[in-house]
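For the sequence shown, this note's numbering assigns the number 7 to the initial residue and increments by one for each residue that follows. Beta carbons: idealized from backbone N, C-alpha and C, even for Gly. Please read all numbers here as calculations on a predicted model, not as lab measurements.
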Amino acid sequence: MTSERIDNFLATNSYARDSHRQILVDMAGKALSATRTARWRFLSSLAEKQLTSKVERFFVDSKSLVANANKLFVESELLTFSEFFDTVESKPLTPAQRRSCVVSEDNNLVLAGAGTGKTSTMIGRAGYLLASKRARPDQLLMLAYAKKAAEEMQERQNSRLQPWLSSGVPTIKTFHALGLEIIGAVEGRRPDLTPMAEDKKRFGKFIDSEITKHCDEPEYRAMLVRYYGSERFPYRNPFDFDSMQDYYNYVRANELRTLKGEVVKSFEECVIANFLSANSINYEYEHPYEIDTSGPDFRQYKPDFFLPDNGVYIEHFALDREGQPPFHFDQRKYLEGIKWKRALHLKHGTKLVETYSYLKREGLLESVLAESLLTAGIELHPKSDEELLLELRQSSEITDFAELMSGFVDIFKQSGHDLDSVRKAALKHIDATRLLLLLDLFSPILKAYEDELAKCRQIDFADMIRRAIAHVESNSFESPYSHILVDEFQDISSSRARLISSLVKQQSESVLFVVGDDWQSIYRFTGSDISYTRDFQKKFGATAITPLDTTFRFNDQIGDVASKFVLKNPAQIVKSIQSIAKTPHPAISLIRSVSTEVGLNMALDAIDKRMSHGLEHNPTVLVLGRYNFVVDEWSTPAEKRRIRTLYPSLDIKFMTVHAAKGKEADFVVVLGLGRGKHGFPSEKPTDSVLDFLLPEQESFSLAEERRLFYVALTRARHRVYLAYNPMETSTFVLELLNEENGYPICTDEFDSELTCEGIANVPCPNCGTGSLIPKEGAYGAFVACNNFPYCKYKEHPCPQCGGLMRRRGGSRVCTKRACSTEIPICPKCGGEMVERSGPSGRFFGCINYRRDADFFCTHTINISSHAGRRRLTS
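Written as structure tokens, this is what we have:
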């Protein structure tokens, strides 16, 4: 009997699934155990022994036998249904699409890159199941995320699968519609969905009004003031980082703003500024010292804080209790700087109050500062919580807090956690103090929201999925679906994945078929978890993975750059995507302009010119930005009219990259390629209170931003234009410009006016993340890091041509190939050497020479003896 079942299983009339294989393996094991006795070996016939040998072979080698059987089955089905696959969509399905439709493992993951025909594959799969009579229409469930996507799929199904829909149609729903259906079937009525679920402005206003109500309570008001005074940002100090580069990145990304709205350069300075404000002490941040200390090589000294009403300066130093700065600082230079500042104040009789990093780490910063100020004769006049709250409202800070709380309500409810478990976990977090304070502020807001839903007898989307899961897992709802197909699977969240899994488990014959692309996973901030795609087999069980390897959208040049760019992250699933469209020239152009408007017009002018080179009339153009504000200024009626007048033959649309997901155009223009929290990549960190509940953060830096950039590039059929400001160049643009990375860009003659060839993008040698840009100062031209004020590196331009200098070995070398002048770096202290004049003529002198300082470097080099002063050959 076992042998016969094995024969039937390996017959090529159906796909042999792994769950069925495992059942037969278990049966074979039990059958074989009865043959291990001497009695059986003695009494069994030759035929029985032959059958036993067949069973034993399957028991030992079932996987390869099944793989061979499935190979024959797939080849047979592809031949049998070749005409169907030729005609089911407007274009014949590709070999990879056809294979993905036929393969029917317990779980099936189709990795569909941008433009490879995800929807066609979904329709092809459903149609194949119906045409082959392997499923009835009522057994098919097709899930999409957005209502519009579900409607598009429904329309495609009705038009393409009509011959097989006479006995019914497959169910096509969004996850939320499915949740409502399950709840309605079990509870006898479909619950009302709160209007706040689909109206984010309404939801935000509700949260804001609840915060306002609770601010009438002294305890809540005090917690909120404390949050803004010292806990608004997840605290980190320079000692927590392995390099200055990491520290600069973190501080810049958080954009530390005081209660007065100034951007400061450290968390500790922010606490000091807010303490001064809260105690009615007038201060000026980085106000120039009253004595002029500037010169050709040094800026004017600007202490951290100046109290004009008291004539007192405050300097905050990054020192531990032993008086040492972080190891990644230039420790000698930093300590000498402190010594110079102290000596300067002593020399001129100015009052200096000092604070240190270790005070904040030990929770003593505010109390020690208060004591120091009182000693200096400065009275503290603490403002009331009501006064501080009024100031916060006037500066729109409470609105920002309401946005944070709104996001937390969404993520918290999706996570399925309760407050007690979150509090316990928060106690172990590096930001425990801050997180616990935020949870105290959040708890009454969450209760008010839940009370409002209960009062109106309504639910939100998170409730909908949660209740649907409960009904399926308790078997209150019996799933009629044996084939579940999911679109855009890379966007799946843990709660939706759990709902799918519970439906699949209800029927032993259920088959899961999902289509997604880990390269386009860009919604972690809403709860999407890329690990469900990357670790699909681990999450769901035995899996057949089929990559779609042909894109119908972008040409091979865009594809080469986009694929190489996204695969810089080694965690992305490696796949090769071939383009139908081929072009001999690079198809990504970079536009260098400090003006966004000029950059946009240059791109549109270039697209307009291309129309005279044989492209179709009225080409479509997508102008994309990382954030709404980047493209909003061009989306006003007046701007749209102006642009239509200038470019009447172009069909131009403006939107964010997130909104452009799933869309395509002939040309793409990307704006806002700057740096910082609102740049692209956005360096804005997710607040730790949200990050705490979101899927685990990836270890690769800016991984999701990299995928978002990939999405932006792959919306275009013909060409992408990247407009960037050299004063604040995106790190992604710098990567593309770096010749060592080998990205093919900006080299064809037609776009020569846009090429970046010859433009020097010199990385800052101090912080590593910034770029050196030319500037003008009181003492002439110089180059400085565009990370200023976080990085204060500067150096003089090439004395021969004024070009940017790159540090190479023990010298600074001009980046212009036609010049290549070389100037030494001080071998004594590592400082920049600059040309000076003396009694004996011109010489190189160290920039760290200062006549009024207690420390200085006197090293000099004779110009005539420095061989590197010659012009170097290219």
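Three-way DSSP call (helix, strand, coil) for residue i in this model
i: Asp198; result: strand
i: Ser82; result: helix
i: Asp757; result: Reliability of the predicted coordinates at Asp757 is poor, the pLDDT of 45 falling under 50, and the value obtained from them is presented with this limitation in mind. It is helical.
i: Asn114; result: strand
i: Ile536; result: coil
i: Arg11; result: helix
i: Ala593; result: coil
i: Val681; result: Residue identity check: residue 681 is Arg in the sequence provided, not Val. The answer is coil: DSSP assigns Arg681 none of H, G, I, E or B.
i: His489; result: strand
i: Thr879; result: In this predicted model, Thr879 has a pLDDT of only 30, less than 50, meaning its place in the structure is not dependable; the value taken from the coordinates is given anyway. Thr879 falls in the coil class under three-state DSSP.
i: Phe850; result: strand
i: Asp858; result: Residue placement at Asp858 is flagged as unreliable, the pLDDT there being 45, under the threshold of 50; the coordinate-derived value follows with that caveat. Coil.
i: Gly130; result: helix
i: Glu290; result: strand
i: Thr125; result: helix
Residue i versus residue j: straight-line alpha-carbon distance, rounded
i: Ser215; j: Phe673; result: 44 angstroms
i: Cys770; j: Ala503; result: 45 angstroms
i: Met159; j: Lys179; result: 9 angstroms
i: Leu379; j: Gly267; result: 23 angstroms
i: Gln912; j: Ile564; result: Look at the range of the chain in this structure, 7 to 880, and you will see that residue 912 is not part of it.
i: Phe495; j: Val840; result: 59 angstroms
i: Glu670; j: Val270; result: 41 angstroms
i: Tyr233; j: Ser485; result: 48 angstroms
i: Thr761; j: Cys752; result: Residue placement at Thr761 is flagged as unreliable, the pLDDT there being 43, under the threshold of 50; a coordinate-derived value is accordingly withheld.
i: Ile436; j: Lys207; result: 33 angstroms
i: Asp566; j: Phe273; result: 42 angstroms
i: Ser501; j: Glu392; result: 41 angstroms
i: Thr626; j: Lys124; result: 22 angstroms
i: Val663; j: Thr532; result: 16 angstroms
i: Ser595; j: Asn607; result: 14 angstroms
i: Glu321; j: Arg227; result: 31 angstroms
i: Ile189; j: Ile506; result: 15 angstroms
i: Asn772; j: Gln330; result: 20 angstroms
i: Val257; j: His334; result: 16 angstroms
i: Leu358; j: Pro224; result: 37 angstroms
i: Lys194; j: Phe87; result: Reading the sequence as shown, one finds Gly at residue 194 and not Lys. Each residue's alpha carbon lies about 43 angstroms from the other.
Chain C within 8 angstroms of residue i, Cβ atoms only
i: Lys461; result: In the structure shown, chain C cannot be found, because there is only a single protein chain.
Residue i classed as buried or exposed, judged by whether at least 16 other C-beta atoms fall within 10 angstroms
i: Leu628; result: buried
i: His802; result: buried
i: Arg681; result: buried
i: Ala550; result: buried
i: Gly605; result: buried
i: Gly844; result: exposed
i: Glu290; result: exposed
i: Leu652; result: exposed
i: Glu161; result: exposed
i: Lys353; result: exposed
i: Ser736; result: buried
i: Cys797; result: buried
i: Gln337; result: exposed
i: Asp638; result: exposed
i: Arg6; result: Only positions 7 to 880 of the chain appear in this structure, which leaves residue 6 out of reach.
i: Asn19; result: exposed
i: Thr381; result: exposed
i: Pro553; result: buried
i: Gln163; result: buried
CB of residue i within 8 angstroms of CB of residue j, strictly
i: Phe323; j: Glu275; result: no
i: Asn255; j: Glu734; result: no
i: Leu677; j: Thr602; result: yes
i: Val572; j: Tyr716; result: yes
i: Ala593; j: His724; result: yes
i: Lys366; j: Val277; result: yes
i: Arg23; j: Ser138; result: no
i: Phe65; j: Leu71; result: no
i: Cys221; j: Leu395; result: yes
* Report yes or no: do three or more beta-carbon pairs, one from the stretch 550-567 and one from the stretch 586-604, lie closer than 8 angstroms? => Touching, per the Cβ criterion.
* Asked: Per the contact definition of three or more C-beta pairs closer than 8 angstroms, is the stretch 111-121 in contact with the stretch 521-532?
  -> Three or more Cβ pairs closer than 8 angstroms define a contact, and the stretch 521-532 meets that threshold against the stretch 111-121.
* Does the stretch 466-484 touch the stretch 403-423, meaning 3 or more C-beta pairs lie closer than 8 angstroms? -> Contact holds: three or more Cβ-Cβ distances are below 8 angstroms.
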